[in-house]
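Residue 161 in our numbering sits at position 159 of the sequence shown, and the numbers go up by one each step.
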Amino acid sequence: MRVADLDAIRIKLASPEDVLSWSYGEVTKPETINYRTQKPEKDGLFDEKIFGPEKDYECYCGKYKGIRHKGIVCDKCGVEVTKSQVRRERMGHIKLAAPVSHIWFLRGIPSRIGQVLDLPMSHLEKVIYFNAYIIIKADEAVKKSILEQIEKEYLQKLKAQKNLVKQKAEKEPIDKKKQKSDDKKKQDKEDKLDEKDLRLAKDRAKDEVLSLRPLKILSEVEYFDLSLKYGQCFEAGTGGEVLRKLFSEIDLKKKVIELRKEIEIASPINKRKILKRIKLFQGMEKAGIRPEWMFLTLLPILPPDLRPMVQLDGGRYASSDLNDLYRRVINRNNRLKYLLEIGAPEVIVRNEKRMLQEAVDALIDNGMRKGTMTQATTGGRRLLKSLADILKGKQGRFRQNLLGKRVDYSGRSVIVVGPELLLHQVGIPKKMALELFKPFVIKKILDQELAYNVRGASKLIEQETDDIWAILEEVVKGKVVLLNRAPTLHRLGIQAFKPILIEGEAIRVHPLVCKAFNADFDGDQMAVHLPLSNEAQEEALKIMLSSHNLLKPATGLPIVSPTQDIVLGCYWFTKLRAGAKGEGKIFGSPEEALLAHEFGQVDLNAEIKIPLAQIKGNEKLAKEKSTLFNTSVGQLIFNEALPDDFLFQSQVMNSKKIEELIREVIEKYGIEKTQPVLDKIKSTGFDGATRSGISWGMDDLQVPLEKPKMIEAAEKEISDLESLFQKGFLSRDEKYQKSVEVWQKTKSEIEKLVPKALPVNGSVFTIIDSGSRGSWAQPTQMAGMKGLVINPIGRII
Numbered sequence: 003m004r005v006a007d008l009d010a011i012r013i014k015l016a017s018p019e020d021v022l023s024w025s026y027g028e029v030t031k032p033e034t035i036n037y038r039t040q041k042p043e044k045d046g047l048f049d050e051k052i053f054g055p056e057k058d059y060e061c062y063c064g065k066y067k068g069i070r071h072k073g074i075v076c077d078k079c080g081v082e083v084t085k086s087q088v089r090r091e092r093m094g095h096i097k098l099a100a101p102v103s104h105i106w107f108l109r110g111i112p113s114r115i116g117q118v119l120d121l122p123m124s125h126l127e128k129v130i131y132f133n134a135y136i137i138i139k140a141d142e143a144v145k146k147s148i149l150e151q152i153e154k155e156y157l158q159k160l161k162a163q164k165n166l167v168k169q170k171a172e173k174e175p176i177d178k179k180k181q182k183s184d185d186k187k188k189q190d191k192e193d194k195l196d197e198k199d200l201r202l203a204k205d206r207a208k209d210e211v212l213s214l215r216p217l218k219i220l221s222e223v224e225y226f227d228l229s230l231k232y233g234q235c236f237e238a239g240t241g242g243e244v245l246r247k248l249f250s251e252i253d254l255k256k257k258v259i260e261l262r263k264e265i266e267i268a269s270p271i272n273k274r275k276i277l278k279r280i281k282l283f284q285g286m287e288k289a290g291i292r293p294e295w296m297f298l299t300l301l302p303i304l305p306p307d308l309r310p311m312v313q314l315d316g317g318r319y320a321s322s323d324l325n326d327l328y329r330r331v332i333n334r335n336n337r338l339k340y341l342l343e344i345g346a347p348e349v350i351v352r353n354e355k356r357m358l359q360e361a362v363d364a365l366i367d368n369g370m371r372k373g374t375m376t377q378a379t380t381g382g383r384r385l386l387k388s389l390a391d392i393l394k395g396k397q398g399r400f401r402q403n404l405l406g407k408r409v410d411y412s413g414r415s416v417i418v419v420g421p422e423l424l425l426h427q428v429g430i431p432k433k434m435a436l437e438l439f440k441p442f443v444i445k446k447i448l449d450q451e452l453a454y455n456v457r458g459a460s461k462l463i464e465q466e467t468d469d470i471w472a473i474l475e476e477v478v479k480g481k482v483v484l485l486n487r488a489p490t491l492h493r494l495g496i497q498a499f500k501p502i503l504i505e506g507e508a509i510r511v512h513p514l515v516c517k518a519f520n521a522d523f524d525g526d527q528m529a530v531h532l533p534l535s536n537e538a539q540e541e542a543l544k545i546m547l548s549s550h551n552l553l554k555p556a557t558g559l560p561i562v563s564p565t566q567d568i569v570l571g572c573y574w575f576t577k578l579r580a581g582a583k584g585e586g587k588i589f590g591s592p593e594e595a596l597l598a599h600e601f602g603q604v605d606l607n608a609e610i611k612i613p614l615a616q617i618k619g620n621e622k623l624a625k626e627k628s629t630l631f632n633t634s635v636g637q638l639i640f641n642e643a644l645p646d647d648f649l650f651q652s653q654v655m656n657s658k659k660i661e662e663l664i665r666e667v668i669e670k671y672g673i674e675k676t677q678p679v680l681d682k683i684k685s686t687g688f689d690g691a692t693r694s695g696i697s698w699g700m701d702d703l704q705v706p707l708e709k710p711k712m713i714e715a716a717e718k719e720i721s722d723l724e725s726l727f728q729k730g731f732l733s734r735d736e737k738y739q740k741s742v743e744v745w746q747k748t749k750s751e752i753e754k755l756v757p758k759a760l761p762v763n764g765s766v767f768t769i770i771d772s773g774s775r776g777s778w779a780q781p782t783q784m785a786g787m788k789g790l791v792i793n794p795i796g797r798i799i
């Protein structure tokens with residue numbers, strides 16, 4: 003069967019008939035391979051008669067060999083002469099001596115078996131594992147006669163008791179009858195107590211009989227007690243066999259009609275439960291599933307090549323855990339069959355049935371079982387990997403092999419910053435690109451007749467000649483690649499970029515896309531994927547290109563705002579410094595001012611004046627009376643990055659201002675025209691950060707001059723509090739609270755002084771005030787005071 007032949011796949015419960023139709027034979031022995039002949043054992047878990055030949059077109063006994071005998075079933079060994087590949091497809095089965103429940107439908111949330119019977123999972127578990135009994139049916143007519151009998155018996159005993167008292171009184175002499183009044187009262191009290199006990203015993207017996215209704219769960223003690231008393235009016239049982247019988251009697255259509263009537267009079271809490279049951283029954287009816295299929299009578303066996311045994315160097319075998327689990331099921335099943343045949347005592351049979359149930363549970367889902375889980379017999383405490391473990395989780399068949407396949411035309415490497423890149427570009431190492439685009443390069447080589455076949459072209463690629471790099475450059479033009487960083491938590495975790503070939507072995511990423519990928523350059527890795535078809539390339543270019551994805555899908559706000567060095571550079575360019583060289587000079591145009599700066603006549607941060615008419619976006623500024631505009635060379639350089647008709651930015655650009663600016667640009671010009679602006683801001687920012695030469699050293703931190711006095715004052719307050727505590731004016735808690743208040747007040751005062759103590763044009767102030775990195779908390783702790791801290795138990799110390 004090919005995947006192309008399938009329209010859809012549906013997973014549903016299999017009936018015993020389905021299991022039998024899949025099977026090529028019954029496995030009755032737990033043996034796998036004969037260690038003397040190295041061949042599969044007959045009727046065992048690897049039997050060639052059931053699962054097919056181990057060697058292509060060769061039967062077990064060797065009578066038929068070769069493809070000419072294809073399709074013949076050997077009359078001697080019973081093996082069909084065919085390909086050994088069938089051992090990956092052919093299934094077997096085990097006929098279970100007693101029905102067992104499927105653990106998924108019992109222990110799953112919600113428990114489907116529990117939903118069908120409307121009983122708690124914990125109660126049903128006791129029944130399935132032979133620790134409790136469930137009433138299958140109760141005879142109402144017999145119950146009625148028993149209730150009448152109880153009433154009759156009660157009246158008889160009451161009458162007999164009264165007669166006994168009467169006779170006792172008559173036999174006593176007349177003089178003794180004249181006993182004291184308190185003795186008579188005592189006797190009357192005893193008689194009443196006896197009557198009350200009889201009535202209580204009658205009520206208890208009636209309640210016991212009335213409680214005997216179908217689906218009631220009884221403990222072992224209750225069952226044996228009630229079966230001795232009222233065994234004729236009810237039938238109960240234990241184990242999966244009994245539940246399967248109950249399930250087989252369910253009429254799904256009838257059950258849905260009953261529940262719909264029930265929901266009309268049900269309370270709001272019960273309505274929800276009933277609706278879930280209706281949904282379950284309707285779903286089962288629609289899918290053509292019977293409830294009793296949740297209990298297995300035939301257990302399918304996986305094809306042997308999907309649970310292989312591999313011979314190791316020392317002659318030993320490494321086997322799949324499934325073989326161990328199947329072996330346990332077969333051993334217990336065979337033992338149960340034998341016990342049933344010889345008519346073993348009920349206690350022994352029940353114990354074996356429970357062990358069979360546990361063996362099947364371990365095979366289906368070893369991790370779902372309560373208590374001890376089945377461990378490997380080869381030593382150690384390793385849990386055996388069940389069928390569910392093979393399918394579920396990160397290492398399971400679905401996520402690891404079906405969804406998480408290794409992908410061709412992909413690569414992975416560490417990322418480094420690429421400040422020279424444009425927003426839609428990514429730097430791909432040449433060697434990685436050559437491997438990614440290999441088929442396209444081979445085609446180009448063949449087209450240019452540099453080689454005459456694929457093998458020759460591959461050899462040329464291995465030699466890495468100049469022609470190959472030229473062809474690679476040509477092939478890469480116009481293509482896009484997808485860049486992905488795990489974990490991909492939102493759609494911007496995968497974006498398209500135009501590749502630029504670079505030297506080295508690391509992928510170069512534009513600094514502004516880091517926020518979308520949540521990436522940094524401390525060793526992060528990213529994967530590159532190449533869309534192959536023209537349609538995929540076009541789709542990636544139109545929809546996934548990074549320059550088209552500037553907004554965060556969750557909020558609609560820009561996700562590409564500059565950070566760190568870029569912010570620092572922009573801040574440094576736009577900040578004015580008092581007393582700088584050239585301050586107060588007037589220039590005829592921005593170009594003149596820039597030229598003066600190049601010749602060293604004006605500092606970048608000096609405040610200068612320029613005619614208002616020369617400033618871009620001056621329509622809004624023209625309202626001002628002055629014809630001269632105050633700015634700086636740095637601000638002129640920064641504004642060159644903005645569109646020509648955008649309002650001139652004469653404010654100091656910190657991180658928040660830059661974010662607002664980008665939002666305005668996107669709103670005014672759209673995403674298409676914003677990309678070049680972002681790249682210009684990035685370049686300007688890096689240029690400014692480089693020119694500023696800002697770095698942070700311990701010498702840059704200034705301790706506030708007032709700090710020692712403030713600490714001294716705080717310590718005096720603490721000593722005063724201690725004195726008051728010693729004299730008994732303060733409790734321990736009050737002293738603690740007031741001490742905390744003193745230090746918190748002192749820290750907040752020092753916190754205000756630290757920024758004032760630092761030079762405004764110093765590196766520490768610049769880095770924090772610009773919003774490029776850190777906050778005032780760091781210099782406060784370094785130059786001010788550490789302050790109060792919390793100990794491991796959450797107490798301020």
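Even for Gly, the Cβ is constructed at its ideal location relative to N, Cα and C. No experiment lies behind these values; they were computed from the predicted model shown.
Going by the CB atoms, is the gap between residue j and residue i shorter than 8 Å?
{"i": "K684", "j": "L559", "result": "no"}
{"i": "L108", "j": "M93", "result": "no"}
{"i": "I11", "j": "V29", "result": "no"}
{"i": "Y232", "j": "I148", "result": "yes"}
{"i": "R579", "j": "N763", "result": "yes"}
{"i": "L47", "j": "L301", "result": "no"}
{"i": "L220", "j": "K145", "result": "no"}
{"i": "P32", "j": "L298", "result": "no"}
{"i": "G68", "j": "Y62", "result": "no"}
{"i": "I366", "j": "L389", "result": "yes"}
{"i": "M296", "j": "I138", "result": "no"}
{"i": "A608", "j": "M546", "result": "no"}
{"i": "L503", "j": "V477", "result": "no"}
{"i": "A472", "j": "L462", "result": "no"}
{"i": "V756", "j": "A785", "result": "yes"}
Given that a residue counts as buried once 16 or more other Cβ atoms are within 10 Å of its Cβ, and exposed if not, what is residue i?
{"i": "K182", "result": "In this prediction, K182 has a pLDDT of 48, which is less than 50 and means its spatial position is unreliable; what the coordinates show is noted afterwards. Result: exposed."}
{"i": "I35", "result": "buried"}
{"i": "I344", "result": "exposed"}
{"i": "I639", "result": "buried"}
{"i": "A779", "result": "exposed"}
{"i": "V679", "result": "buried"}
{"i": "I795", "result": "exposed"}
{"i": "I96", "result": "buried"}
From the options, pick the residue whose C-alpha is nearest to that of residue i; which is it?
{"i": "W106", "options": "G46, Q359, N133 and I673", "result": "Q359"}
{"i": "L438", "options": "I280, V418 and A529", "result": "A529"}
{"i": "A309", "options": "G317, R318, L327 and R292", "result": "Position check: residue 309 holds Arg in this sequence, whereas Ala was assumed. The option with the nearest alpha carbon to R309 is L327."}
{"i": "D205", "options": "L157, L230 and R384", "result": "L157"}
{"i": "F875", "options": "E260, L254, N272 and I303", "result": "Summary: the structure shown does not reach residue 875, with the chain confined to residues 3 through 799, and so no result is reported for it."}
{"i": "P781", "options": "R371, V791, I798 and K754", "result": "K754"}
{"i": "G636", "options": "I660, I610 and Q704", "result": "I610"}
With DSSP as the reference, label residue i as helix, strand or coil.
{"i": "H599", "result": "helix"}
{"i": "Y573", "result": "helix"}
{"i": "D177", "result": "With a pLDDT of 49 at D177, under the threshold of 50, the modelled position of that residue is not reliable, and the figure given next carries that caveat. Reduced to three states, the DSSP call for D177 is helix."}
{"i": "H550", "result": "helix"}
{"i": "L245", "result": "helix"}
{"i": "T557", "result": "coil"}
{"i": "L98", "result": "strand"}
{"i": "S25", "result": "strand"}
{"i": "P613", "result": "strand"}
{"i": "P55", "result": "coil"}
{"i": "N1", "result": "The chain is shown from 3 up to 799; residue 1 falls before or after that span and cannot be answered."}
Any C-beta of chain C sitting closer than 8 Å to the C-beta of residue i?
{"i": "R371", "result": "Looking for chain C here will not work: only one protein chain is present."}
At a threshold of 7 Å, does residue i count as lining the ligand ADP (C-beta to nearest heavy atom)?
{"i": "P421", "result": "What this structure holds is no ligand at all, so the ligand ADP is not there to describe."}
request  = At 3 residues or longer, and completely inside the stretch 297 to 376: list those beta strand (DSSP E) runs for me, N to C.
outcome  = 297 to 303, 311 to 313 and 319 to 321
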